[in-house]
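In the working numbering, the protein residues as written are 13 to 316. Yeah, the Cβ is synthetic: ideal placement off N, Cα and C, and Gly gets one too. Everything numeric in this text was worked out from a predicted model, so none of it was measured. Following: one structure in structure tokens, then a few remarks.
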Amino acid sequence: MKRIISMLAAVLILLSATQPVLAAEYCYSLTLNSKVQTGKSFKAQLNVFGGGDVAAAIFTVCFDSSVMELKSAELCDGTDGKLEYNTVGGTTKLVFLNTKGQPLTGEENGIISLKFKALSTPCNAYITLYCEQAVCCNESYLPCSYGVEYPVELADKISGSVSRSSGTKVNSKPSSSSSNSKASSADKGSSISGSESSEGLTQQHQNGIVSLGSKEAAQSNTAYIMLGAVITLCVVCAVFAIYKVGKKHGEAEQAQKAKQSNPDAEQDEKAINSDNVQPPVSDTNALNEAFESDNADLFEGKEK
13 MKRIISMLAA VLILLSATQP VLAAEYCYSL TLNSKVQTGK SFKAQLNVFG
63 GGDVAAAIFT VCFDSSVMEL KSAELCDGTD GKLEYNTVGG TTKLVFLNTK
113 GQPLTGEENG IISLKFKALS TPCNAYITLY CEQAVCCNES YLPCSYGVEY
163 PVELADKISG SVSRSSGTKV NSKPSSSSSN SKASSADKGS SISGSESSEG
213 LTQQHQNGIV SLGSKEAAQS NTAYIMLGAV ITLCVVCAVF AIYKVGKKHG
263 EAEQAQKAKQ SNPDAEQDEK AINSDNVQPP VSDTNALNEA FESDNADLFE
313 GKEK
């Protein structure tokens, strides 16, 4: 029984090692001003936070390319690793890699700095952040789902204070058209509140910020369900086979122990078998001939 349990445990360990493991917590967000001046540059900081670390991640940033453009993307100061990005229209793909793992803490940790330029059209635009894939150093998958959309108002003038843009969760997949369609023209001469430089980032943190992935696991996939069913069937078959082998092995051990504990019975069995053995036919014929030769006189007398 112990052997069966050990073999079953080994099978379960091997099966669990083949399944993707989801990390407990992973969040991402953008830090940017809710209002910027047309014709000026502004920055957006991509943050990650939660627990553990992130070793690799693929982000997608969507925006309306008719009212703003991405000028550059680079790692923030103090962030180790490599960054590659590519922009097509209003969609930018960002690939972050840090083999040592970027530590995740409970506070927002900026890893990528994005520099945009607002064009000359006053409007209400949006910047949407998605995280398509992310893993940590132990190759566990970090949960990534949905996206977060940040409104940005573009205006000709700046006055007053500027707040941080508050994100809203969206269910759609990354698409440049979805961002482009949301830009709406504003009246000329509209003003933007804010006394700080358009190059800077506001330090105000609004409670309405949305960070995705903190408590959400990756969505179920039909392929994973089918794979789970196949694995379950294999486990059941393996357990049944192990049970049958163990049962036969146990019966053989019991028979062996019985023979060892009662050797006289084995000898009696051998004796009984030897008594029941019939002599060969050739030996029987030889005995009959010998008997007839020894008693030839008796047979001759009877014939007379």
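Asked, Found
"Between the CA atoms of Y138 and E165 - distance to the nearest angstrom", "8 Å"
"Three-state secondary structure assigned by DSSP to E119", "coil"
"CA nearest to the CA of S321, picked from G90, S77 and Y97", "Residue 321 lies beyond the stretch modelled for the chain, which goes from 13 to 316, so this question has no answer here."
"Helix, strand or coil at E37 according to DSSP, with G and I counted as helix", "coil"
"Extent of the continuous beta strand (DSSP E) run through L44", "Premise fails: L44 is in no beta strand (DSSP E) and is neither H nor E."
"Length of the line joining the Cα atoms of L44 and F108", "20 Å"
"Residues bridged to V160 [DSSP beta-bridge criterion]", "L141 and K181"
"Neighbourhood of Q145 by C-beta distance below 6 Å, restricted to the same chain and skipping five residues each side", "I70"
"Straight-line gap, L131 to V73 (C-alpha atoms, nearest Å)", "18 Å"
"Own chain residues within Cβ distance below 7 Å of T117, not counting five before or after", "F61"
"Contact under 9 Å by Cβ, E161 with T180", "yes"
"For G122 and L58, believed in contact at Cβ under 8 Å, the rounded distance", "7 Å"
"6 Å CB neighbourhood of L126 in its chain, flanking five on each side removed", "A56 and A85"
"DSSP-derived helix/strand/coil call for T244", "helix"
"Beta-carbon proximity of Q114 to A167, cut-off 9 Å", "no"
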